[in-house]
Amino acid sequence: MKEVLKNYSGILLLLVGITVGSIIGIVAPQIVEYIKPLGDIFLNLLFVSVVPLVFFAVSNSIASLEQESKFGKILLIMSFTFLFFILTAAVFTIGAVYLFPVSSISGSTELIAEATKEENWGDRTVSFFTVGEFTELFSRKNMLALLIFAFLTGFAARKSGESGKPFRVFIASGYEVMKELLIMIMKIAPIGLGAYFAYQVATLGPQLFGFYAKPLGLYYVAGIIYFFVFFTLYAFMANGQTGIKSFWKNAILPTLTALSTCSSFATMPTNLVAASKIGIPSSIANLVIPIGTTLHKNGSSMSSIIKIYVAFQIIGRDFFEPSNLLLALGITVFVSIVAGGIPNGGYIGEMLMISVYSLPQEAIPAVIIIGTLVDPLATVLNAVGDIVAAMFVNRWLREPQLPL
472 MKEVLKNYSG
482 ILLLLVGITV
492 GSIIGIVAPQ
502 IVEYIKPLGD
512 IFLNLLFVSV
522 VPLVFFAVSN
532 SIASLEQESK
542 FGKILLIMSF
552 TFLFFILTAA
562 VFTIGAVYLF
572 PVSSISGSTE
582 LIAEATKEEN
592 WGDRTVSFFT
602 VGEFTELFSR
612 KNMLALLIFA
622 FLTGFAARKS
632 GESGKPFRVF
642 IASGYEVMKE
652 LLIMIMKIAP
662 IGLGAYFAYQ
672 VATLGPQLFG
682 FYAKPLGLYY
692 VAGIIYFFVF
702 FTLYAFMANG
712 QTGIKSFWKN
722 AILPTLTALS
732 TCSSFATMPT
742 NLVAASKIGI
752 PSSIANLVIP
762 IGTTLHKNGS
772 SMSSIIKIYV
782 AFQIIGRDFF
792 EPSNLLLALG
802 ITVFVSIVAG
812 GIPNGGYIGE
822 MLMISVYSLP
832 QEAIPAVIII
842 GTLVDPLATV
852 LNAVGDIVAA
862 MFVNRWLREP
872 QLPL
């Protein structure tokens, strides 16, 4: 129980901060303007730390990939499997928010709407993917261009062989340092987000609570359905009725581990044990599950869609516009790659979402709060999904499945 409380301490403290901030916003709205700077300070610290973390995380993932495996048939099928699962989860969630919409907050559009510069599609495409100066890469307004540059840097570091080893060590070390910095900054999240929540409650009123409750409820209902229905379907596609029985027989311990730790990395050992019991060859399980812990995230994909949808509702924009939907699907893929298997790792993806859609700063606390509160179920979907992905890869490689 102490271990569970320790792993959930961040979420519990955040709930305390939100609760205290809400009470202040209701009973003492006149002091909100004095505590709102605490929220601004937290967001600014988050901005300046998350940009270099994105660069180091992505470039390190690509640069170290060859050290874990050889590029070949397994890697190709694994990549298609991850992409298929991630996009399936995203499309399923888009369908859920379309069928069960969340109404926007009255007055929120007038509060935080910002004028956006009209650009033609050519200019928008160029600005999405590239920048004109190297220094412009390290701005939160150009995070998509930074991601692409980080991917290319990672590939170049991997291709450089022995001469590039010092640089690969540098980006690996940089990733660890910036990850620890983000963890340090997130320790003040209860204060920063509590201050911002006080501001939102004082400005928008108690209706804010109902607005948050609906997307949270929708995520948990959709996530549970996805967990039981789609994972069963994937297991059946991998090995028929035998696949279903063996998956659910061995998925219990990883599920409980993910719930109790809120960490995909902490769940990895139990995933490897479960894969062995299912009968997945070690040559596949030892590749798919470790890489999947970082690159394959069904839960993060679903939460990304929910958070984008909520942000659009807050500012009064149409989420279901085709161009916005296509961008949302692209963002979910990036989020799955960038959001490492650590508790609260999705904050990087949230910053990417804000950057790509040019959303106002006031939308950030909303997506951070939702991302934190859905983290337990998202971790389960992320971690346990790696087992069924390994089964799926094994099926298409036609490796022998051990009898159970």
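Numbering (my numbering), first residue to last: 472 to 875.
For glycine and all other residues, C-beta sits at the position ideal for the given N, C-alpha and C.
Judged by pairs of C-beta atoms under 8 Å, the segment 727-741 does not touch the segment 520-527, as fewer than three such pairs exist. Note that the segment 694-704 touches the segment 853-864; at least 3 beta-carbon pairs, one per stretch, sit closer than 8 Å. Approximately 7 Å separates the beta-carbon atoms of residue 545 and residue 755; this is inside 8 Å, confirming the contact. In the structure shown, residue 496 falls within a helical segment according to DSSP collapsed to helix, strand and coil. Here residue 840 is near residue 489, since their CB atoms are less than 8 Å apart. Taking C-alpha positions only, residue 529 is separated from residue 621 by approximately 6 Å.
Residue 824 counts as buried, since no fewer than 16 other beta carbons sit within 10 angstroms of its beta carbon. Separation of the CB atoms of residue 749 and residue 721 is rounded to 5 Å, and the pair is thereby assigned contact status at 8 Å.
Under the 8 Å Cβ criterion, the segment 771-790 counts as touching the segment 563-572, having at least three qualifying pairs. Closest by C-alpha distance to residue 766, out of 751, 651 and 807, is 807.
Annotation: residue 789 is outside any alpha helix (DSSP H) and is labelled neither H nor E by DSSP. Boundaries for residue 607: no alpha helix (DSSP H) harbours it, and the DSSP string shows neither H nor E there. For residue 650, the enclosing alpha helix (DSSP H) covers residues 636-657.
In the structure shown, residue 725 adopts helical secondary structure according to DSSP, grouped into three states.
When the beta-carbon positions are compared, residue 775 and residue 845 stay at least 8 Å from each other. Taken in chain order, the segment 507-535 contains no complete alpha helix (DSSP H) segment of 4 residues or longer. Between residue 706 and residue 694, the C-beta spacing is not below 8 Å. Between residue 861 and residue 751, the C-beta spacing is below 8 Å.
Non-local beta-carbon contacts of residue 607 in its own chain, meaning distances under 6 Å to residues more than five positions away in sequence, involve 613 in chain order. For residue 736, the enclosing alpha helix (DSSP H) starts and ends at 735-749. The beta carbons of residue 724 and residue 745 sit closer together than 8 Å.
For the 8 Å CB-CB criterion, residue 850 and residue 772 do not form a contact. When secondary structure is reduced to three states using DSSP, residue 842 falls in the helix class.
Around residue 643, the same chain offers 531 and 535 as residues with beta carbons nearer than 7 Å, after the five sequence neighbours per side are excluded. Sequence-distant partners of residue 484 (beyond 5 residues in either direction) whose C-beta falls short of 7 Å from its own C-beta, in its chain, are 661. If you draw a straight line from the Cα of residue 494 to the Cα of residue 669, it comes to about 7 Å.
Taking the CA atoms as reference points, residue 690 sits about 44 Å from residue 632.
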